[in-house]
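In what follows, a single structure is set out as structure tokens and then discussed.
There are 2 protein chains.
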Amino acid sequence: MASNSSGGGGSDRQRIAQQRLRIIAGHLRRPVDVDSTILAAECKAQDSKTDVSSEGRTVPRRRQEIMKWNGWGYSDTKFIFNKKGHAEFTGKRYKLSGMVMPALKDWLEDTFGSNLQHKSPAAPILTSGAVQPPTLNEAFVEELKSTGIPFSHDAEDRVFRAHGHCLHEIFALREGKVGRVPDLVVWPNCHNDVVRIVELACKHNVCLIPYGGGTSVSSGLECPPEETRSIVSLDTSQMNRILWIDEKNLTAHIEAGIVGQDLERLLNESGYCTGHEPDSMEFSSLGGWVATRASGMKKNSYGNIEDLVIRVKMVTPQGVIEKSCLGPRISTGPDIHHFIMGSEGTLGVVTEVTMKIRPMPEYQKYGSVVFPNFEQGVACLREVAKQRCAPASIRLMDNEQFKFGHALKPQVSSMFTSFLEGLKTFYITKFKGFDTNCLCVATLLFEGNREKVLQHEKQVYDIAAKFGGLAAGEDNGQRGYMLTFIIAYLRDFGMDYYVIAESFETSVPWDRVLDVCRNVKARVVQECKDKGVQFQPLVSCRTVGVPGDGPCQMNKGSEPCSSTGNEAREGEHANWGSILFSFLFLHWLKLHFI
Amino acid sequence: MASNSSGGGGSDRQRIAQQRLRIIAGHLRRPVDVDSTILAAECKAQDSKTDVSSEGRTVPRRRQEIMKWNGWGYSDTKFIFNKKGHAEFTGKRYKLSGMVMPALKDWLEDTFGSNLQHKSPAAPILTSGAVQPPTLNEAFVEELKSTGIPFSHDAEDRVFRAHGHCLHEIFALREGKVGRVPDLVVWPNCHNDVVRIVELACKHNVCLIPYGGGTSVSSGLECPPEETRSIVSLDTSQMNRILWIDEKNLTAHIEAGIVGQDLERLLNESGYCTGHEPDSMEFSSLGGWVATRASGMKKNSYGNIEDLVIRVKMVTPQGVIEKSCLGPRISTGPDIHHFIMGSEGTLGVVTEVTMKIRPMPEYQKYGSVVFPNFEQGVACLREVAKQRCAPASIRLMDNEQFKFGHALKPQVSSMFTSFLEGLKTFYITKFKGFDTNCLCVATLLFEGNREKVLQHEKQVYDIAAKFGGLAAGEDNGQRGYMLTFIIAYLRDFGMDYYVIAESFETSVPWDRVLDVCRNVKARVVQECKDKGVQFQPLVSCRTVGVPGDGPCQMNKGSEPCSSTGNEAREGEHANWGSILFSFLFLHWLKLHFI
């Protein structure tokens, strides 16, 4: 639009049209020519590391130095069966790291009837033979060299940028099946590097695929096999700095390649946070959140990405597009941000984002509630939404997820003692009236100043009590959220034993939530049967209210959400439930021959 | 996009592009062929008035039956000087109707040094000679006849649709200057009528301009003088029904031509409201709110139009565009609603809207606070925003607006007794420490359940006290909001005496609000001087916080707004002030010769 709106001339009618377009596009910054001197200067400034902070970034150019090439997360972190035959979580990075989960093995065998002698290990290393040689556009490469922007056509670098984290993508990699991959990977260091790269790509008819954190679950990173042009993966991971923080107006201007964990850590050092916490936040990038319209688990308190973004700078083949002001809302013309968000990298490369920031919350408290059955739990969530008093996060897990979480409880450890105490009580005393094959659990996270949090907590537990809900302790709650970051590792563990997992999500009016949960589960079971899957699948779901939120997928940061406690949006909050169907496990001895 | 996303074929690359587009556009409903039988059936249903309600609509096809052709609002309502030489507001429609404002005359003379003998009356009636004969597209007219959809090329009908309410538009009409006007006015009765009209317009190369309430201040209704095609004004005013209300999920499906006052009245009959109250709500239409991205005075509690809209149906030359589901948020693909909102009728005709509704508020309470000066008032608004406890509406008026409002106080009447008492007290007792040339006033509106409102009220008055603010009574507050609907009549009154008025708005970070107010006022004064305007202009402003809101204009429903009381959006709420500069009066004895 920026470029369209700048045009002129032509016939009268064109002129009129142009004029109207200019009015509607009045909120967009006029395109500017990239002055190479400015370009050099800016990039020098960025090299000189005078920015707010540039140390200790998580993601190196060569991701293989710390991450798996054919699975989720860090190379040093995975589930295994140890010598004693117990499931163990390796590494030192997570609270669960180094712990043993004695119950997991039996749960796997009992649930899927799988024989754990029966392994389906992933191809250990990438055989260079599996990767087709790069189709290089020599003229492009030559000019790229002259810019000094680093690039590589190393096979590993290319394979790392050829996929996101859809099940089928990881499945193929584990089988050693590598399809069409980028021919080149380039690492811009700043916005102007991206401008240069896009210019060269247009000039030489090269196909660009922006790459942020690589956690996409929309197939946005897949290279079309039919693509005959040279495909270049534009990896933003080195554009990872906070360029400035405005403490007066609580905004920060940030390069789009920074990953969530770095962004939060760096802001925390200054006493601030964005509050945007998608499940994938360890590895997903700010630019990725914008391009995929991400939402975070604390959206009730902070909003989704579209609520947090003030201004986006995007490089398109037609030029740089950006709003002309930092106003929080503009009533003249369409909102270009809402075309950038959800465009999945197809319209351009997001390079810089101005975001709202907030002082870190004074006080945080986890919690959990056990309900006699799912129906009661859903009724409670709906009431919480109606009363507009939802905590920062509230998730209702069904009985299957409750049992699964139970199977993941680690061996006694300082951290989990009280949790196990909780569990003892659980079966022995107050919960004994509950049928363990029916009960379900809600996990809670409260944030704010201490006094308000405690009030708020009481209000929510009082509502829960009306629906037969009983408080089940802080540790159960905290543990629930901690598992969020473990789930994808568990998916890979399952695949070692012929078990696959996927998730999908939708939103429906509250009065349809129970039907949809029941019917989808039944349909999945039926489909597996029809397709001759040997064992019955496990389908579970978790439900949350929606403050204006709809379908989104796991690695995109699908998260529970309910009312914001905002008197403002009653209709909105009270009336939609979001359902994440997940952990759909299949024993696919037959399935993978289909 | 709907149509693009449905295409296929072409080369491999086109096919890939199409496929990606289909994914991104997955949330859009596939275009459907309009089946004329369905069409007939639906329209019959609509004629049979079986819808939720279709009685007592405000706006007739022939607007001239009740409204002014060259000024704001109802024909029977205007300001005049009565026989006693006092300003009087005629008619019976408003609380102020029939009342006398003794102070207004002196205020006018003193403020502008204008001689009220010196009149600049508007051309009383429309002389048909002033209107150029219609350029009709016979083929289009013939086919239009066959559809049975009513239309007219009567001169008055056409002039009524040729303008919005920008100052220059009304000014020209008062001078009897009528430029290019639509050649034909057509009144569709339902969505399918619009589909038919747009089809015919495309087929016969006729230019369509959608017309809702005619309150546009973006020149969106002006006919380009250069336009050689036949221009048809598509008047949605007869598409004014609520098609259904879903009380379970608090949504309503409504035809886009309904005006605000009808929509609220009809919903109120069922115990609901939308809470969307732009200044123009008496006459502006739902479709207009969507096309112009309107905001309302209670946005703190209900949100802006983009927060209230669940689904929009728009007829474009490429077909009907509409989301495929009613989900409150979709994370896959761009949000097409944000391209429809702000498009000002340039992309298509909005025909139906599904909107959130809410139960009517239990309790409403007005209020007002007087501050010793504007600086203190701004500091208070900022603090209210920071503490996230803003009422449904809070507006801070500067000293000029305070004096102006004072000049509008009506002669004693039951309704205003206590107000006058308030004023007495005002000068005589507690406010005597204040300099009447410095003090400023904030008006407040609280909504919710009674107990919460009273708590909330106390909290806000406590904050105000910290900034030297003193409560000045409910009536002052209520009166302030009542004047909202009178202002445009007052603009026309001023024009009778060579006084013109306009307004404009912007948003800036809180720390810039005072500078911007001061500098803009100074600049306007300077510009008038440079242009040889005989008398000094009066520039006043009112300031409000912004819950994510930016520039918008008076008749679009520019309204005060501050924090939503939503813990969620601190950064957002605490950090932007919106400023409406208005009532810029000029004595233009010279000006209009420039």
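Residue numbers (our numbering), protein chains in the order written: chain A, 1 to 594; chain B, 595 to 1188.
From the three backbone atoms N, C-alpha and C, an ideal C-beta is built for every residue, glycine too.
1) Is any beta-carbon of chain A found at less than 8 angstroms from that of Leu-1174/B?
2) Within the same chain, show all residues whose beta-carbon is closer than 6 angstroms to that of Ser-831/B, passing over the 5 residues directly before and after it, in chain order.
3) From this set, Ile-930/B, Ile-803/B, Gly-927/B, Ser-937/B, which residue's C-alpha is nearest Thr-332/A's C-alpha?
4) Measure the Cβ-Cβ separation of Ile-357/A and Tyr-94/A and say whether it is below 8 angstroms.
5) Less than 8 angstroms between the CB atoms is what I'm expecting for Cys-223/A and Pro-278/A, so what's the real figure, rounded?
6) Let me check one thing: in DSSP terms, what residues is Thr-948/B bridge-paired to?
7) Could you tell me the alpha carbon to alpha carbon distance between Thr-644/B and Thr-351/A, rounded to whole angstroms?
8) Let me make sure I understand the geometry here. Which of Ala-385/A, Phe-434/A, Glu-447/A, Phe-371/A has the alpha-carbon closest to that of Cys-440/A?
9) Which residue comes first and which comes last in the beta strand (DSSP E) that contains Lys-365/A?
10) Decide yes or no for the touch test of the stretch 671–689 of chain B against the stretch 879–899 of chain B: beta carbon pairs closer than 8 angstroms, at least 3 of them.
11) Just to confirm, is the Cβ distance from Val-206/A to Cys-166/A under 8 angstroms?
12) Residue range of the beta strand (DSSP E) that Phe-968/B falls in?
13) For Asp-840/B, which residues does DSSP report across the bridge?
14) Go ahead and pull the three-state DSSP assignment for Phe-1028/B.
15) Tell me, please, which residues DSSP counts as bridged to Pro-804/B.
16) Per DSSP, Ala-681/B forms a beta bridge with which residues?
17) Is the stretch 486–502 of chain A touching the stretch 112–126 of chain A, taking contact as three or more C-beta pairs under 8 angstroms?
18) I want to know whether the stretch 260–278 of chain A touches the stretch 371–382 of chain A - three or more CB-CB distances under 8 angstroms.
19) Mapping the DSSP letters down to three states, classify Val-349/A as helix, strand or coil.
20) Identify the contact partners of Lys-248/A in chain B, using a Cβ-Cβ distance below 9 angstroms as the criterion.
21) Find the residues of chain A that neighbour Gly-936/B, judging by a C-beta separation of less than 9 angstroms, and give them in chain order.
22) Name, please, each residue of chain A whose Cβ falls closer than 7 angstroms to the Cβ of Arg-887/B.
23) Establish whether the CB of Ser-918/B and some CB of chain A are separated by less than 8 angstroms.
24) May I have the straight-line CA-CA distance separating Val-1118/B from Glu-1096/B, to the nearest angstrom?
25) For Cys-1032/B, tell me which candidate among Lys-997/B, Ala-1059/B, Gly-1042/B has the shortest Cα-Cα distance.
26) Under the DSSP definition of a beta bridge, which residues are partnered with Arg-395/A?
27) Roughly how many whole angstroms lie between the Cα atoms of Thr-436/A and Asn-862/B?
28) By how many angstroms is the C-alpha of Gly-1062/B removed from the C-alpha of Met-695/B?
29) For Phe-151/A, which three-state DSSP category applies?
30) Does Phe-374/A come within less than 8 angstroms of chain B when only Cβ atoms are used?
31) Terminal residues of the continuous alpha helix (DSSP H) containing Leu-200/A?
32) Kindly indicate which residue of Gly-807/B, His-847/B, His-712/B has the alpha-carbon position closest to the one of Gln-855/B.
33) Shortest alpha-carbon distance to Ile-803/B belongs to which of Thr-940/B, Arg-976/B, Val-947/B, Glu-900/B?
34) Thinking just about the alpha-carbon of each residue, which of Asn-834/B, Gly-707/B, Arg-790/B, Ala-766/B is nearest to the one in Ser-740/B?
35) Any beta carbon from chain B within less than 8 angstroms of His-168/A's own beta carbon?
36) Give me the Cα-Cα distance between Gln-607/A and Ser-813/B, rounded to the nearest whole angstrom.
In short:
1) By this cut-off, Leu-1174/B is not an interface position.
2) Excluding positions up to five away in sequence, the list reads Val-653, Gly-851.
3) Nearest of Ile-930/B, Ile-803/B, Gly-927/B, Ser-937/B to Thr-332/A, Cα basis: Ser-937/B.
4) No; because the gap between Cβ atoms is not below 8 angstroms, this pair is not in contact.
5) About 25 angstroms separates the beta carbons of Cys-223/A and Pro-278/A, which is beyond the 8 angstroms limit, so they are not a contact pair.
6) His-847/B, Arg-905/B, per the DSSP bridge assignment.
7) Only weak support exists for where Thr-644/B lies, its pLDDT of 39 falling under 50; the coordinates are left without a value.
8) The residue with the shortest Cα to Cα distance from Cys-440/A is Phe-371/A.
9) Unbroken beta strand (DSSP E) run through Lys-365/A: 363–371.
10) Segments in contact, no.
11) Remark: C-beta atoms of Val-206/A and Cys-166/A do not approach each other more closely than 8 angstroms.
12) Secondary structure note for Phe-968/B: it is in no beta strand (DSSP E), and the uninterrupted alpha helix (DSSP H) holding it is 968–980.
13) The partner list for Asp-840/B (beta bridge, DSSP) reads Thr-845/B.
14) Note: Phe-1028/B maps to coil in three-state DSSP.
15) In the DSSP output, where bridge partners are listed per residue, Pro-804/B has Leu-828/B.
16) According to DSSP, Ala-681/B bridges with Phe-675/B, Met-695/B.
17) With the cut-off at 8 angstroms, the stretch 486–502 of chain A and the stretch 112–126 of chain A touch.
18) The stretch 260–278 of chain A, when compared against the stretch 371–382 of chain A, does not touch it at the 8 angstroms Cβ threshold.
19) Of the three classes helix, strand and coil, the one that applies to Val-349/A here is strand, per DSSP.
20) Within chain B, the residues near Lys-248/A are Pro-1103, Trp-1104, Asp-1105, Asn-1169.
21) Neighbours of Gly-936/B on chain A, chain order: Ile-24, His-27, Ile-330, Ser-331, Thr-332, Gly-333, Pro-334, Asp-335.
22) Those are Ser-331, listed as they occur along chain A.
23) No - not a single Cβ of chain A is within 8 angstroms of the one on Ser-918/B.
24) For Val-1118/B and Glu-1096/B, the distance between alpha carbons rounds to 12 angstroms.
25) Across the set Lys-997/B, Ala-1059/B, Gly-1042/B, the C-alpha of Lys-997/B shows the shortest separation from the C-alpha of Cys-1032/B.
26) Paired residues: Thr-443/A.
27) Looking at the two C-alpha atoms, the distance is approximately 47 angstroms.
28) If I take the Cα positions, the gap works out to 30 angstroms.
29) Of the three classes helix, strand and coil, the one that applies to Phe-151/A here is strand, per DSSP.
30) Cβ-Cβ to chain B under 8 angstroms: no for Phe-374/A.
31) Boundaries of the alpha helix (DSSP H) harbouring Leu-200/A: 191–204, taken from the DSSP string.
32) Ranking Gly-807/B, His-847/B, His-712/B by Cα distance to Gln-855/B puts Gly-807/B first.
33) For Ile-803/B, the nearest C-alpha among the options comes from Thr-940/B.
34) Of all alpha-carbon atoms in Asn-834/B, Gly-707/B, Arg-790/B, Ala-766/B, the one lying nearest the alpha-carbon of Ser-740/B is that of Arg-790/B.
35) It does not: the Cβ of His-168/A has no partner Cβ on chain B nearer than 8 angstroms.
36) No answer is possible for residue 607/A: the residues shown for chain A start at 1 and end at 594.
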